[in-house]
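**Student:** If you're matching them up, the sequences are chains A and B in order.
Read in order, the letters of the first sequence correspond to residues 22 to 125 in this note's numbering.
Read in order, the letters of the second sequence correspond to residues 22 to 125 in this note's numbering.
Protein chains: 2
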Amino acid sequence: MFVAMNRFKVKKDRTADFEARWRNRDSHLKEMPGFTAFHLLKGPEADDHILYASHTIWETREAFEAWTHSDAFRKAHANAGSGNDEPVTIGPPQFEGFESVVDA
Amino acid sequence: MFVAMNRFKVKKDRTADFEARWRNRDSHLKEMPGFTAFHLLKGPEADDHILYASHTIWETREAFEAWTHSDAFRKAHANAGSGNDEPVTIGPPQFEGFESVVDA
Chain A
22 MFVAMNRFKV KKDRTADFEA RWRNRDSHLK EMPGFTAFHL LKGPEADDHI
72 LYASHTIWET REAFEAWTHS DAFRKAHANA GSGNDEPVTI GPPQFEGFES
122 VVDA
Chain B
22 MFVAMNRFKV KKDRTADFEA RWRNRDSHLK EMPGFTAFHL LKGPEADDHI
72 LYASHTIWET REAFEAWTHS DAFRKAHANA GSGNDEPVTI GPPQFEGFES
122 VVDA
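1) B/T36 lies in the alpha helix (DSSP H); which residues open and close that run?
2) Suppose you measure from the CA of B/H98 to the CA of B/H49; what does that come to, to the nearest Å?
3) Hey, which unbroken runs of the alpha helix (DSSP H) at 4 residues or more fall wholly within the segment 51 to 125 of chain B?
4) Throw me the rounded Cβ distance for the B/K33 and B/I111 pair, which I believe falls under 8 Å.
5) Closest by CA to A/E120, which one among B/Q115, B/L72, B/E107, B/R42?
6) By the three-class DSSP mapping on this structure, what secondary structure does A/K32 have?
7) Between B/H90 and B/T57, what straight-line distance do the alpha-carbon atoms span, to the nearest angstrom?
8) Listed from N- to C-terminal order along the chain, which residues in the segment 34 to 68 of chain A have their beta-carbon within a distance smaller than 7 Å of any beta-carbon of chain B?
Listed below in structure tokens is the structure:
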């Protein structure tokens, strides 16, 4: 199992906008070999933001990497950060990839 | 879905010890209502450590909280940080709880 997480610091007054973007996204993830599950996770609150994480479970790291090189990935990210709108996040997202080493 | 993660900065020469502790742990998680899955995840490498995360999926935040108040939790954590050994981690673990807000 491989977990791909992107951590986003979302401005507290923009969480509804941020969540809506993910809700309306057409990611084509389900068509990808090795895809297991996707969740947008809402995490702890800090002074100036709420931490969110996109959380995708893949069968293997290789399946995740194949997705990042796919047309589907390019399309899903085509609108990320575009437009002249005031950003809803503080700074860029922080990617972390995790390999499962112990299951229980 | 609720994801409970504890992030550990593990010293690079102690990762085998760290993983063995989790492999040999008798957590009783599977007996807990609302428990879905546990994984120990190995994440990105930094200068002085490798990031690990314990990653437990629960049906609800309430199920997770019931576990933290259970005898099973107390037993599973009874040996955490005990002994006179040189610690295998840098600093204390950092807990983050996440609620799923978008599924796909």
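Quick reminder that beta carbons are idealized off the backbone N, C-alpha and C, glycines included.
Fair warning: this is a prediction, and the values are worked out from it, not measured in the lab.
**Tutor:** By the coordinates alone:
1) For B/T36, the enclosing alpha helix (DSSP H) covers residues 36 to 44.
2) Rounded to whole angstroms, B/H98 to B/H49 spans 11 Å at the Cα level.
3) Segments of the alpha helix (DSSP H) lying fully in the segment 51 to 125 of chain B: 82 to 89, 92 to 97.
4) Contact between B/K33 and B/I111 is absent: CB atoms are separated by about 10 Å, not below the 8 Å threshold.
5) For A/E120, the nearest C-alpha among the options comes from B/L72.
6) Here A/K32 sits in coil by DSSP.
7) Taking the straight line joining both Cα atoms gives about 18 Å.
8) Of all residues in the segment 34 to 68 of chain A, E40, W43, R44, S48, L50, F59, H60, L61, L62, K63, G64, P65 have a Cβ within less than 7 Å of some Cβ in chain B.
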